[in-house]
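Numbering (the working numbering), first residue to last: 5 to 217. Glycine is no exception: its CB is placed at the ideal position from the N, C-alpha and C atoms. All remarks here apply to the structure that follows.
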(Lines of atoms letter the chains of each structure in order from A and count residues from 1; the text may use other names and numbers.)
(Lines give C-alpha, C1' and ligand atoms only; values in the text may rest on other atoms or scores of the structure.)
Protein backbone atom coordinates (compact mmCIF):
# COMPACT_ATOMS: atom_id res chain seq x y z
CA UNK A 1 0.00 0.00 0.00
CA UNK A 2 2.79 2.45 0.97
CA UNK A 3 4.73 1.59 -2.20
CA UNK A 4 1.58 2.04 -4.30
CA UNK A 5 0.83 5.36 -2.58
CA UNK A 6 4.26 6.73 -3.28
CA UNK A 7 4.40 5.47 -6.86
CA UNK A 8 6.40 7.45 -9.37
CA UNK A 9 5.57 10.78 -7.68
CA UNK A 10 6.85 9.75 -4.25
CA UNK A 11 8.98 12.86 -3.75
CA UNK A 12 6.11 15.21 -4.55
CA UNK A 13 3.69 13.32 -2.32
CA UNK A 14 6.10 13.36 0.63
CA UNK A 15 6.60 17.11 0.25
CA UNK A 16 2.82 17.61 0.03
CA UNK A 17 2.32 15.57 3.19
CA UNK A 18 4.96 17.58 5.06
CA UNK A 19 3.41 20.84 3.89
CA UNK A 20 0.00 19.69 5.10
CA UNK A 21 1.43 18.84 8.53
CA UNK A 22 3.21 22.20 8.76
CA UNK A 23 0.05 24.04 7.70
CA UNK A 24 -2.01 22.19 10.29
CA UNK A 25 0.54 22.99 12.99
CA UNK A 26 0.59 26.66 11.96
CA UNK A 27 -3.19 26.92 12.04
CA UNK A 28 -3.30 25.19 15.41
CA UNK A 29 -0.78 27.62 16.88
CA UNK A 30 -2.31 30.70 15.27
CA UNK A 31 -3.84 32.98 17.87
CA UNK A 32 -1.98 31.32 20.78
CA UNK A 33 -0.60 33.54 23.52
CA UNK A 34 0.83 33.26 27.03
CA UNK A 35 0.22 34.85 30.41
CA UNK A 36 2.07 34.67 33.73
CA UNK A 37 0.35 34.91 37.10
CA UNK A 38 1.60 35.03 40.68
CA UNK A 39 -0.80 32.85 42.62
CA UNK A 40 -1.00 32.20 46.38
CA UNK A 41 -0.28 28.57 47.25
CA UNK A 42 -3.26 27.15 49.12
CA UNK A 43 -3.43 24.07 51.34
CA UNK A 44 -6.36 21.68 51.22
CA UNK A 45 -7.54 19.11 53.73
CA UNK A 46 -5.09 19.88 56.54
CA UNK A 47 -5.52 17.03 59.05
CA UNK A 48 -7.37 17.95 62.25
CA UNK A 49 -4.92 18.74 65.02
CA UNK A 50 -2.14 19.88 62.68
CA UNK A 51 -1.14 23.16 61.07
CA UNK A 52 1.37 24.47 58.55
CA UNK A 53 3.99 26.53 60.38
CA UNK A 54 6.41 27.35 57.56
CA UNK A 55 6.78 27.09 53.80
CA UNK A 56 9.63 27.95 51.45
CA UNK A 57 7.27 29.76 49.05
CA UNK A 58 3.89 31.37 49.62
CA UNK A 59 3.23 32.09 45.94
CA UNK A 60 3.99 30.38 42.63
CA UNK A 61 4.49 32.00 39.24
CA UNK A 62 2.44 30.10 36.67
CA UNK A 63 2.82 30.58 32.91
CA UNK A 64 -0.27 29.54 30.95
CA UNK A 65 -0.76 29.16 27.20
CA UNK A 66 -3.92 29.11 25.12
CA UNK A 67 -6.05 30.87 22.55
CA UNK A 68 -5.68 34.63 22.83
CA UNK A 69 -9.43 35.11 23.17
CA UNK A 70 -9.45 32.80 26.23
CA UNK A 71 -6.27 34.15 27.80
CA UNK A 72 -7.55 37.74 27.59
CA UNK A 73 -10.62 36.80 29.61
CA UNK A 74 -8.61 34.91 32.23
CA UNK A 75 -8.67 36.43 35.71
CA UNK A 76 -6.51 35.48 38.74
CA UNK A 77 -9.55 34.02 40.51
CA UNK A 78 -10.06 31.65 37.56
CA UNK A 79 -6.82 29.83 38.40
CA UNK A 80 -5.90 28.29 41.76
CA UNK A 81 -2.85 26.37 42.86
CA UNK A 82 -3.11 24.08 45.86
CA UNK A 83 -1.29 21.34 47.76
CA UNK A 84 -3.44 18.51 49.16
CA UNK A 85 -2.41 17.55 52.69
CA UNK A 86 -4.78 14.63 53.27
CA UNK A 87 -1.96 12.26 54.28
CA UNK A 88 0.42 14.85 55.71
CA UNK A 89 2.56 13.95 58.70
CA UNK A 90 4.39 16.03 61.28
CA UNK A 91 7.75 17.39 60.12
CA UNK A 92 9.25 18.71 56.89
CA UNK A 93 7.96 17.49 53.52
CA UNK A 94 8.76 18.55 49.96
CA UNK A 95 5.78 18.82 47.61
CA UNK A 96 6.27 19.07 43.84
CA UNK A 97 4.06 21.44 41.87
CA UNK A 98 2.63 20.16 38.58
CA UNK A 99 -0.43 20.83 36.44
CA UNK A 100 -2.30 18.44 38.75
CA UNK A 101 -2.01 21.10 41.47
CA UNK A 102 -3.88 23.64 39.36
CA UNK A 103 -7.59 24.32 39.07
CA UNK A 104 -8.23 26.21 35.82
CA UNK A 105 -10.27 26.18 32.59
CA UNK A 106 -9.65 22.94 30.67
CA UNK A 107 -8.91 24.80 27.41
CA UNK A 108 -5.77 26.36 28.93
CA UNK A 109 -2.37 24.62 29.02
CA UNK A 110 0.36 24.92 31.66
CA UNK A 111 3.76 25.89 30.28
CA UNK A 112 5.74 26.57 33.46
CA UNK A 113 5.39 26.59 37.25
CA UNK A 114 8.02 28.26 39.41
CA UNK A 115 9.13 27.15 41.93
CA UNK A 116 8.77 23.51 40.99
CA UNK A 117 8.57 22.41 44.62
CA UNK A 118 7.75 23.73 48.08
CA UNK A 119 9.02 22.49 51.42
CA UNK A 120 6.49 22.87 54.21
CA UNK A 121 6.67 22.19 57.93
CA UNK A 122 3.67 20.70 59.69
CA UNK A 123 3.30 20.64 63.47
CA UNK A 124 0.75 19.36 65.92
CA UNK A 125 -1.61 21.85 67.53
CA UNK A 126 -1.67 21.74 71.32
CA UNK A 127 -3.37 23.66 74.15
CA UNK A 128 -1.66 25.06 77.23
CA UNK A 129 -2.43 27.42 80.10
CA UNK A 130 -0.14 30.47 80.08
CA UNK A 131 0.13 32.96 82.96
CA UNK A 132 -0.59 36.66 82.48
CA UNK A 133 1.96 39.22 83.62
CA UNK A 134 0.73 42.84 84.02
CA UNK A 135 3.26 45.42 82.79
CA UNK A 136 3.47 48.51 85.02
CA UNK A 137 5.05 51.84 84.11
CA UNK A 138 5.35 55.08 86.08
CA UNK A 139 5.26 55.67 89.84
CA UNK A 140 2.41 56.38 92.28
CA UNK A 141 2.03 59.75 93.90
CA UNK A 142 4.76 60.52 96.42
CA UNK A 143 4.15 58.72 99.71
CA UNK A 144 2.25 55.86 98.03
CA UNK A 145 3.46 52.46 96.87
CA UNK A 146 2.24 49.85 94.45
CA UNK A 147 1.71 46.64 96.40
CA UNK A 148 0.66 44.32 93.56
CA UNK A 149 -0.96 44.07 90.14
CA UNK A 150 -3.33 41.14 89.63
CA UNK A 151 -5.05 40.11 86.42
CA UNK A 152 -8.42 38.41 86.15
CA UNK A 153 -8.09 35.75 84.89
CA UNK A 154 -4.54 35.07 85.99
CA UNK A 155 -3.95 32.60 83.16
CA UNK A 156 -5.60 31.75 79.85
CA UNK A 157 -5.77 28.69 77.64
CA UNK A 158 -3.86 29.17 74.41
CA UNK A 159 -3.89 27.05 71.27
CA UNK A 160 -0.85 26.81 69.03
CA UNK A 161 2.07 24.65 68.04
CA UNK A 162 4.40 23.18 70.67
CA UNK A 163 7.36 25.09 69.20
CA UNK A 164 5.54 28.40 69.77
CA UNK A 165 4.00 27.67 73.18
CA UNK A 166 7.33 26.37 74.50
CA UNK A 167 8.73 29.89 74.07
CA UNK A 168 5.92 31.50 76.07
CA UNK A 169 6.41 31.47 79.83
CA UNK A 170 3.83 34.22 80.23
CA UNK A 171 1.77 36.76 78.30
CA UNK A 172 2.33 40.44 78.94
CA UNK A 173 -0.39 43.04 79.09
CA UNK A 174 -0.03 46.35 77.34
CA UNK A 175 1.66 48.88 79.68
CA UNK A 176 -0.43 50.19 82.61
CA UNK A 177 0.53 53.73 83.62
CA UNK A 178 0.27 54.26 87.39
CA UNK A 179 1.92 57.65 87.38
CA UNK A 180 0.53 59.88 90.19
CA UNK A 181 -2.06 57.30 91.26
CA UNK A 182 -2.78 57.18 94.99
CA UNK A 183 -5.45 54.52 95.29
CA UNK A 184 -6.23 51.04 94.05
CA UNK A 185 -7.88 50.89 90.62
CA UNK A 186 -9.05 48.31 88.09
CA UNK A 187 -8.80 48.66 84.32
CA UNK A 188 -9.49 46.53 81.26
CA UNK A 189 -6.14 46.05 79.57
CA UNK A 190 -5.32 44.51 76.16
CA UNK A 191 -2.97 41.53 76.02
CA UNK A 192 0.23 41.68 73.98
CA UNK A 193 0.90 38.47 72.06
CA UNK A 194 3.99 40.02 70.47
CA UNK A 195 3.34 38.46 67.08
CA UNK A 196 3.16 34.91 68.43
CA UNK A 197 1.10 32.61 66.22
CA UNK A 198 -1.53 31.48 68.72
CA UNK A 199 -5.29 31.26 68.75
CA UNK A 200 -7.20 32.56 71.71
CA UNK A 201 -10.53 34.40 72.08
CA UNK A 202 -9.25 36.55 74.97
CA UNK A 203 -8.00 39.97 73.85
CA UNK A 204 -8.34 41.87 77.14
CA UNK A 205 -8.25 41.14 80.87
CA UNK A 206 -9.17 43.04 84.02
CA UNK A 207 -6.11 44.19 85.96
CA UNK A 208 -6.35 45.46 89.52
CA UNK A 209 -3.42 47.59 90.66
CA UNK A 210 -3.21 47.74 94.46
CA UNK A 211 -1.77 51.02 95.75
CA UNK A 212 -1.35 51.86 99.42
CA UNK A 213 0.19 54.61 101.50
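| Residues of its chain near residue 96, where Cβ-Cβ distance is below 7 Å and the 5 sequence neighbours each way are ignored | Within the chain shown, numbered from 1, the residue matching residue 96 stands at position 92. Residues of the same chain with a CB within less than 7 Å of the CB of residue 96, apart from the 5 flanking positions on each side, are 123 and 125 in chain order.
| query | Considering only the beta carbon of each residue, do residue 127 and residue 94 sit closer than 9 Å? | reply | Stepping through the chain shown from its first residue, residue 127 is reached at position 123. Stepping through the chain shown from its first residue, residue 94 is reached at position 90. Judged by their CB atoms, residue 127 and residue 94 are nearer to each other than the 9 Å cut-off.
| Between residue 44 and the rest of its own chain, which residues show a CB-CB distance below 7 Å, the 5 nearest in sequence each way excluded? | As a first step, residue 44 is located in the chain shown; it is residue number 40 there, counting from the start. Once the five neighbours on either side are set aside, the close Cβ partners of residue 44 are 62 and 63.
| said: Using the three-state DSSP reduction, which class does residue 194 fall into: helix, strand or coil? | reply: Indexing the chain shown from 1 puts residue 194 at position 190. Assigned with DSSP and collapsed to three states, residue 194 falls in strand.
| request: Pick helix, strand or coil for residue 10, following the three-state DSSP scheme. | output: Counting from 1 along the chain shown, the entry for residue 10 is found at position 6. Note that residue 10 has pLDDT 49, beneath the 50 cutoff, so the model's placement of it is unreliable and the number below is only indicative. If DSSP states are grouped into helix, strand and coil, residue 10 belongs with the helices.
| said: Please classify residue 206 as buried or exposed, where buried requires at least 16 other C-beta atoms within 10 Å of its C-beta. | reply: By 1-based counting over the chain shown, the position of residue 206 is 202. It is exposed - the Cβ of residue 206 has fewer than 16 other Cβ atoms within 10 Å.
| Any beta strand (DSSP E) of 3 or more consecutive residues that is wholly inside the stretch 126-184 | 149-156, 159-165 and 174-177
| task | Would you give the residue range spanned by the beta strand (DSSP E) that residue 38 belongs to? | result | Stepping through the chain shown from its first residue, residue 38 is reached at position 34. Per DSSP, residue 38 belongs to the beta strand (DSSP E) from 36-48.
| Going by alpha carbons, who is nearest to residue 148 out of 213, 37 and 75? | Indexing the chain shown from 1 puts residue 148 at position 144. Of 213, 37 and 75, the residue nearest in Cα terms is 213.
| Boundaries of the beta strand (DSSP E) in which residue 115 is found, first to last residue | Within the chain shown, the letter at position 111 stands for residue 115. Looking at the DSSP string, the run of the beta strand (DSSP E) that includes residue 115 is 113-118.
| query | When burial is assigned at 16 or more other CB atoms within 10 Å of the CB, is residue 105 buried or exposed? | reply | The residue given as residue 105 occupies position 101 in the chain shown. Answer is buried; the Cβ neighbour count reaches 16.
| Closest residue to residue 158 among 75, 69, 113 and 193 (Cα-Cα distance) | Counting from 1 along the chain shown, the entry for residue 158 is found at position 154. Minimum Cα distance to residue 158 is reached at 193.
| Neighbourhood of residue 188 by C-beta, 8 Å cutoff - its chain only, sequence neighbours within 5 removed | Walking along the chain shown from the start, residue 188 turns up at place 184. Same-chain partners within the cutoff: 212, 213, 214, 215 and 216.
| query | Could you check where the beta strand (DSSP E) with residue 55 kicks off and where it finishes? | reply | Translated into the one-based positions of the chain shown, residue 55 becomes position 51. Counting along the chain, the beta strand (DSSP E) containing residue 55 begins and ends at 54-59.
| With 16 other CB atoms within 10 Å as the buried threshold, where does residue 109 fall? | As a working note, residue 109 is residue 105 in the chain shown. Residue 109 should be labelled exposed.
| field | Contacting residues, own chain, Cβ-Cβ under 6 Å from residue 203 (five flanking each side not counted) | value | Position 199 of the chain shown, counted from the start, is the residue given in the question as residue 203. 163, listed in sequence order.
| task | Express the C-alpha separation of residue 169 and residue 116 in angstroms, rounding to a whole number. | result | Within the chain shown, residue 116 is the residue found at index 112, counting from 1. Within the chain shown, residue 169 is the residue found at index 165, counting from 1. Their backbone Cα atoms lie some 40 Å apart in a straight line.
| request: Return the Cβ separation of residue 84 and residue 101 in integer angstroms, given the expectation that the two are a contact with Cβ distance under 8 Å. | output: Here residue 84 refers to the residue found at position 80 of the chain shown. Here residue 101 refers to the residue found at position 97 of the chain shown. That belief does not hold up - the Cβ atoms of residue 84 and residue 101 are roughly 12 Å apart, past 8 Å.
| said: Between residue 57 and residue 167, how many whole angstroms is the CB-CB distance? I'm expecting something under 8 Å. | reply: By one-based count along the chain shown, residue 57 stands at place 53. By one-based count along the chain shown, residue 167 stands at place 163. Right, the Cβ-Cβ distance comes to about 7 Å (below 8 Å), so this counts as a contact.
| said: I believe residue 156 touches residue 210 by the beta-carbon criterion, under 8 Å. Please report the beta-carbon distance rounded to the nearest angstrom. | reply: Residue numbering aside, residue 156 sits at position 152 when the chain shown is read from its first letter. Residue numbering aside, residue 210 sits at position 206 when the chain shown is read from its first letter. Residue 156 to residue 210, Cβ: 4 Å. Contact.
| query | Considering only residues of the stretch 60-100, which uninterrupted alpha helix (DSSP H) runs meet the minimum length of 4 residues and lie entirely inside it, listed in chain order? | reply | 72-77
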